[in-house]
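So the sequence lines, in the order shown, correspond to chains A and B.
The first sequence begins at 1 in the numbering used here and counts up one residue at a time.
The second sequence begins at 1001 in the numbering used here and counts up one residue at a time.
We treat Cβ as the ideally placed atom computed from N, Cα and C, and that holds for glycine.
Keep in mind that this is a model prediction, so the values were computed, not measured.
Protein chains: 2
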Amino acid sequence: MALEDLTVLDLTRVLAGPFCTMMLADMGAQVIKIEVPDGGDDTRTYPPFRENVNGERESLYFANINRNKKGITLNLKAPEGKEVFRRLVKKADVVIENYRPGVMDKLGLGYDALKEINPGIIYAAISGFGCYGPYSARPGYDILAQAMGGMMAITGAKGGDPTRAGSALGDMLGGLHGAIGILAAVHARSLTGKGQRVDISLMDCVIAATENTALKYLESGKLPPRMGNRYAAVSPYDAFQCKDGKVIIAAGNQRLYEKLCNEILHRPDMITDPRFVDMSGRLENQDAIQEVIEETLREYTTTEATELLLGKGIPAGPILDVSQILEDPHVKEREMFVELTHPTLGDMTVNGCAVKLMDTKPSVRTPAPALGGDNEAVLGSLLGMTKEELERLREAKVI
Amino acid sequence: MALEDLTVLDLTRVLAGPFCTMMLADMGAQVIKIEVPDGGDDTRTYPPFRENVNGERESLYFANINRNKKGITLNLKAPEGKEVFRRLVKKADVVIENYRPGVMDKLGLGYDALKEINPGIIYAAISGFGCYGPYSARPGYDILAQAMGGMMAITGAKGGDPTRAGSALGDMLGGLHGAIGILAAVHARSLTGKGQRVDISLMDCVIAATENTALKYLESGKLPPRMGNRYAAVSPYDAFQCKDGKVIIAAGNQRLYEKLCNEILHRPDMITDPRFVDMSGRLENQDAIQEVIEETLREYTTTEATELLLGKGIPAGPILDVSQILEDPHVKEREMFVELTHPTLGDMTVNGCAVKLMDTKPSVRTPAPALGGDNEAVLGSLLGMTKEELERLREAKVI
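Here is the structure:
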């Protein structure tokens, strides 16, 4: 597997960090998830739940995002817990955490301390605002990143309120940037022999994902309006009403617009109509074009409309909900959902990995760990701890 | 710089691919952008524009996302163009393209052909639906990925229409996954000596970014509703009306909810009120809680409310628009926008890089290339071509 020689000590909780290490684990890295002995990752108590084989309520959220990882417990506040962690750092390539900046330093386990133990260690931190800058000490959450990173201000219906993307997009973007940073630092280490710190701010990541928004504002002096599914520079490129729902049409250039007018709308006059003759005209008169398109499409279902449009070479597609996505033949062949048998939850569906390495395919191999479920295996094999030592640490509540 | 030893042949156009190679270039990779001699990347004609020093309309869109790259022209349909490309592949680590699947094979330049020339080559393709699966031949665009990947179905106001994220999010997610795949494949090559193909589908990437949506649906049998800025599992965690706009409050656990009731709302009764006593109650009675919060907040501006809430340790923040983000002191210190002097556009602002490698900082060093601007430098230094050869290729419209 692509990352099979990498050992990652994973102190992250909830979503952004665990999503990052999930991708690394899917690609073969040995990810050792380190949880507090008392309860572990908060998401062990997050919905959706299922009654497990022991008749207890167990989280599928945790089970999804922590598959392929090993799980150990460690109390980093206890001196012996710190010592065990330091011994693990000597054996590891990457440490990743998503505490608020400063927490690891206060524990005596910040990057400056860890690089003394292992100069090759790569130390990645994912936080709401990063480890430097005036907001770095603020608490960071997905909704704040979406709001302060500018995504909310440009998302929403025309004339409507600022709206977040419907998933925890800030966390997802943080996890993706974290994986890039870690892999780039691993590569840099192959050149220099030295590790380094990787600092990821959810707010930064959302700003990056707003792409040209700032440029457009700086040149025009106008704040970009929210505009539903329309785009600022191309039209017709939107969702259009059919008999039973909406279909997307992306006719973003002259050739595709002419095809649409000739072969779908049967309105060649719309090509020469001065209102629609070029893109800027079409952008100014979107409502009028929409009316004509929807007049035609009202005779078709979204499935029929999609087929009709694609048959004529016009980019089109349905707006799929998750029930349709789960049944979609393309999604199945792409293995974007994978079946897994979990020891206490039974058969469950987990997300697949979107990074398709064709010769070293990412895969879902093992279920998420029970709390401390790999204490013996990991601490025994990596640190050579005996059963007696482990028992003593367990009694002292260090693991 | 982290990736300074990597040479990337970049055949990508428009956004997803160029965003991917922008990140690699920001981290030091030598990215050689290869454009068709006749006009180059489509985005050279995309707004926003500025009148350049020659009095021509020039694209800032192109200039933003292609900084740090070298630019050469090459006609891959001409036999001599193919031959120059093959010679470059021998010297390169990565080829990346975002044609529709099959285009490169038809040119005789697909992965199977290129790995014969250089078994170490990493071949990354970013397309709407990936290189396998029943939709792989369909045209792919950002709006289709957002619609078919399930993001649109879960984004939007309560009771409102499916809504896209306001940026080209599918393209951004494709670029991020592409960078992860390339760096993972580079690492795998360090273990095996062999390159491989990396296949990225925008639709896959959007599905991945919907995180637990499928799990929730599978367990509940209920399609997730659109719900504006609310989240399914935590409350109060939303945007709330102040005197002059909205403020985000993320009081996602019992402790923060109690703090909010005691220290901001001065309503300790709301902690013991049976409607709000636990998270499931608060989720069911969000409107009632919102009313109380907004009654209090109406006396404050969003700035005042943010300070008040953060002062009491409650996660909060404003909804920033791009004009505010550009002026924000935190964003400035994080260098999420960078000033650059472009030879024909003059001083301009470009996006910074969100992957903060602390010892090998990503940076913006050189402006985007003119069309074929580095033909002599690249083809001369990498392939040892003479001025005469270059002149001949230029006359033959190969470059």
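### Task
Note down, in chain order, every chain B residue with its Cβ under 7 Å from the Cβ of A/Tyr46.
Locating residue 46 of chain A in the first sequence gives position 46, where the first residue counts as 1. Those are Ala1233, listed as they occur along chain B.
### Query
Comparing alpha-carbon positions, which option in A/Ala316, A/Pro47, A/His266, A/Ser136 lies nearest A/Glu295?
Residue 295 of chain A sits at position 295 when you count from the first residue of the first sequence. The shortest Cα separation from A/Glu295 among A/Ala316, A/Pro47, A/His266, A/Ser136 belongs to A/His266.
### Query
Any residues in the region 1003-1014 of chain B with a beta carbon nearer than 7 Å to a beta carbon of chain A? Which ones, in chain order?
Within the region 1003-1014 of chain B, the qualifying residues are Leu1003, Asp1005.
### Simplified DSSP state of A/Phe49, which is helix, strand or coil
As a first step, residue 49 of chain A must be located in the first sequence, where it is residue number 49. Three-state result, A/Phe49: strand.
### Message
Relative to the C-alpha of A/Ala305, which candidate in A/Lys356, A/Glu388, A/Lys243 has its C-alpha closest?
### Response
Position 305 of the first sequence holds residue 305 of chain A. Each of A/Lys356, A/Glu388, A/Lys243 was checked against the Cα of A/Ala305, and the nearest Cα belongs to A/Lys243.
#### Entry: Start-end ranges of the alpha helix (DSSP H) lying completely within the region 1113-1169 of chain B, minimum 4 residues
As far as the region 1113-1169 of chain B is concerned, its whole alpha helix (DSSP H) runs of at least 4 residues are 1142-1148, 1151-1154.
### Message
Taking 8 Å as the limit between beta carbons, can you name the residues of its chain near B/Val1186, skipping five residues before and five after?
### Response
Here residue 1186 of chain B is taken as the residue at index 186 of the second sequence, counted from 1. Sequence-distant Cβ neighbours of B/Val1186 in its own chain, meaning closer than 8 Å and more than five residues away, are Leu1006, Asp1093, Val1094, Ile1122.
### Message
Taking 7 Å as the threshold (C-beta atoms), are B/Leu1223 and A/Asp204 in contact?
### Response
In the first sequence, counting from the first residue as 1, residue 204 of chain A sits at position 204. In the second sequence, counting from the first residue as 1, residue 1223 of chain B sits at position 223. Taking 7 Å as the Cβ cut-off, A/Asp204 and B/Leu1223 do not qualify as a contacting pair.
### Query
chain C partners of A/Ser323, CB-CB under 8 Å?
The question asks about chain C, but that chain is absent: this structure's protein chains are A and B.
### Euclidean distance between Cα positions of A/Glu376 and A/Ala179
Taking the first sequence and counting its residues from 1, one reaches residue 376 of chain A at position 376. Taking the first sequence and counting its residues from 1, one reaches residue 179 of chain A at position 179. The alpha-carbon atoms of A/Glu376 and A/Ala179 are separated by roughly 28 Å.
### Task
Pick helix, strand or coil for B/Leu1375, following the three-state DSSP scheme.
Reading the second sequence from its first residue, position 375 is the one you call residue 1375 of chain B. In the sequence as presented, Leu is not what sits at residue 1375 of chain B; that position holds Asn. Looking at B/Asn1375 - three-state DSSP - the assignment turns out to be helix.
### Task
Would you kindly work out how many angstroms separate the C-alpha atoms of A/Lys246 and A/Ile399, rounded to a whole number?
Against the first sequence, residue 246 of chain A aligns to sequence position 246. Against the first sequence, residue 399 of chain A aligns to sequence position 399. Looking at the two C-alpha atoms, the distance is approximately 54 Å.
### Task
Answer with buried or exposed for A/Ala396, where buried requires no fewer than 16 other C-beta atoms within 10 angstroms of its C-beta.
Along the first sequence, one-based indexing puts residue 396 of chain A at 396. Residue environment: A/Ala396 is assigned as exposed (fewer than 16 neighbouring CB atoms within 10 Å of its CB, all protein chains considered).
### Message
Considering Cα atoms alone, identify which of B/Gly1160, B/Leu1074, B/Ser1059 is closest to B/Pro1037.
### Response
The count along the second sequence starts at 1 and reaches residue 1037 of chain B at position 37. It is B/Leu1074.
### Task
Give the residues from the region 378-390 of chain A that approach chain B closer than 8 Å (Cβ to any Cβ), ordered along the chain.
Answer in chain order: no residues at all.
### Task
Drop a sphere of 10 angstroms on the beta-carbon of A/Asp238, count the other beta-carbons inside from all chains shown, and report buried for 16 or more, exposed for fewer.
Within the first sequence, numbered from 1, the residue matching residue 238 of chain A stands at position 238. By the 16-neighbour rule on beta-carbons within 10 angstroms, A/Asp238 is buried.
### Message
Any C-beta of chain A within less than 7 Å: which residues of the region 1143-1174 of chain B qualify?
### Response
Residues of the region 1143-1174 of chain B with a C-beta atom less than 7 Å from some C-beta of chain A are Ile1143, Leu1144, Ala1147, Met1148, Gly1150, Met1151, Met1152, Ala1153, Ile1154, Thr1155, Gly1156, Ala1157, Gly1160, Asp1161, Pro1162, Thr1163, Arg1164, Ala1165, Gly1166, Ser1167, Ala1168, Leu1169, Met1172, listed in chain order.
### Message
If you reduce the DSSP assignment to three classes, tell me which class B/Gln1196 lands in.
### Response
Your numbering for residue 1196 of chain B matches position 196 in the second sequence. If DSSP states are grouped into helix, strand and coil, B/Gln1196 belongs with coil.
### Task
List the residues of chain A that B/Tyr1135 touches, going by C-beta distances under 8 Å, in chain order.
Residue 1135 of chain B sits at position 135 when you count from the first residue of the second sequence. In chain order: His330.
### Query
Would the region 317-333 of chain A and the region 253-260 of chain A be scored as touching if the rule is three or more Cβ pairs under 8 Å?
Touching, no.
### Query
How would you label A/Gly55, buried or exposed, when you count the other beta carbons within 10 angstroms and need 16 or more for buried?
As a first step, residue 55 of chain A is located in the first sequence; it is residue number 55 there, counting from the start. It counts as exposed.
#### Entry: Inter-residue spacing [alpha-carbon to alpha-carbon] between B/Asp1161 and B/Gly1281
Here the question's residue 1161 of chain B lines up with position 161 in the second sequence. Here the question's residue 1281 of chain B lines up with position 281 in the second sequence. Computed Cα separation, rounded: 27 Å.
### Task
Tell me, please, whether the region 1356-1368 of chain B touches the region 193-201 of chain A by the rule of three or more beta-carbon pairs shorter than 8 Å.
When C-beta atoms of the region 1356-1368 of chain B are compared with those of the region 193-201 of chain A, three or more pairs fall below 8 Å, so the two segments count as touching.
### Task
Starting from A/Pro329, trace the alpha helix (DSSP H) both ways and give me its first and last residue.
Along the first sequence, one-based indexing puts residue 329 of chain A at 329. Where A/Pro329 is concerned, the enclosing alpha helix (DSSP H) stretches over 329-333.
### Message
Is the separation between the beta-carbon of A/Gly17 and that of A/Ile96 shorter than 7 Å?
### Response
For the purposes of this step, residue 17 of chain A is identified with residue 17 of the first sequence, where counting begins at 1. For the purposes of this step, residue 96 of chain A is identified with residue 96 of the first sequence, where counting begins at 1. The Cβ-Cβ distance between A/Gly17 and A/Ile96 falls below 7 Å.
### Message
Tell me the residue span of the alpha helix (DSSP H) that contains B/Leu1340.
### Response
Taking the second sequence and counting its residues from 1, one reaches residue 1340 of chain B at position 340. Element bounds for B/Leu1340: not the alpha helix (DSSP H) but the beta strand (DSSP E), 1337-1342.
### Query
With a Cβ-Cβ cutoff of 7 Å, do A/Phe19 and A/Gly175 count as a contact?
On the first sequence, residue 19 of chain A is found 19 positions in, with the first residue counted as 1. On the first sequence, residue 175 of chain A is found 175 positions in, with the first residue counted as 1. Cβ distance < 7 Å, so A/Phe19 and A/Gly175 count as in contact.
### Query
What are the boundary residues of the alpha helix (DSSP H) that includes B/Lys1216?
Locating residue 1216 of chain B in the second sequence gives position 216, counting from the first residue. Secondary structure note for B/Lys1216: its alpha helix (DSSP H) is the uninterrupted segment 1213-1220.
### Message
For the pair the region 1164-1175 of chain B and the region 206-216 of chain A, tell me if three or more CB-CB distances fall below 8 Å.
### Response
Because the criterion of three Cβ pairs below 8 Å is met, the region 1164-1175 of chain B and the region 206-216 of chain A touch.
### Message
Quick check on this structure: which residue in B/Ala1078, B/Glu1004, B/Arg1013, B/Leu1009 has the alpha carbon closest to the alpha carbon of B/Ile1032?
### Response
Locating residue 1032 of chain B in the second sequence gives position 32, counting from the first residue. The residue with the shortest Cα to Cα distance from B/Ile1032 is B/Leu1009.
### Message
Short of 8 Å in beta carbon distance, which residues of its chain neighbour A/Pro139, apart from the five on each side in sequence? Order them along the chain.
### Response
Position 139 of the first sequence, counting from 1, holds the residue named residue 139 of chain A. Around A/Pro139: Arg100, Gly128.
### Query
Is it right to say B/Gln1196 is buried, meaning 16 or more other beta carbons lie within 10 angstroms of its own, or is it exposed?
Taking the first residue of the second sequence as position 1, residue 1196 of chain B is located at position 196. Counting Cβ neighbours within 10 Å, B/Gln1196 comes out buried, since at least 16 surround it.
### Query
If we call anything under 7 Å between Cβ atoms a contact, is B/Gly1311 one with B/Glu1335?
Within the second sequence, residue 1311 of chain B is the residue found at index 311, counting from 1. Within the second sequence, residue 1335 of chain B is the residue found at index 335, counting from 1. Contact flag unset, no.
### Message
Helix, strand or coil for B/Glu1416? Go by DSSP, reduced to three states.
### Response
With chain B covering 1001 to 1399 only, the question about residue 1416 of chain B has no answer from this structure.
### Task
Please report the Cβ distance between A/Leu340 and A/Arg57, rounded to the nearest whole angstrom; I am assuming they are in contact, meaning their Cβ atoms lie under 8 Å.
Looking up residue 340 of chain A in the first sequence gives position 340. Looking up residue 57 of chain A in the first sequence gives position 57. So it is not a contact: roughly 19 Å between Cβ atoms.
#### Entry: Rounded distance between the beta-carbons of A/Thr349 and B/Leu1218, thought under 8 Å
As a first step, residue 1218 of chain B is located in the second sequence; it is residue number 218 there, counting from the start. As a first step, residue 349 of chain A is located in the first sequence; it is residue number 349 there, counting from the start. 6 Å between Cβ atoms; contact.
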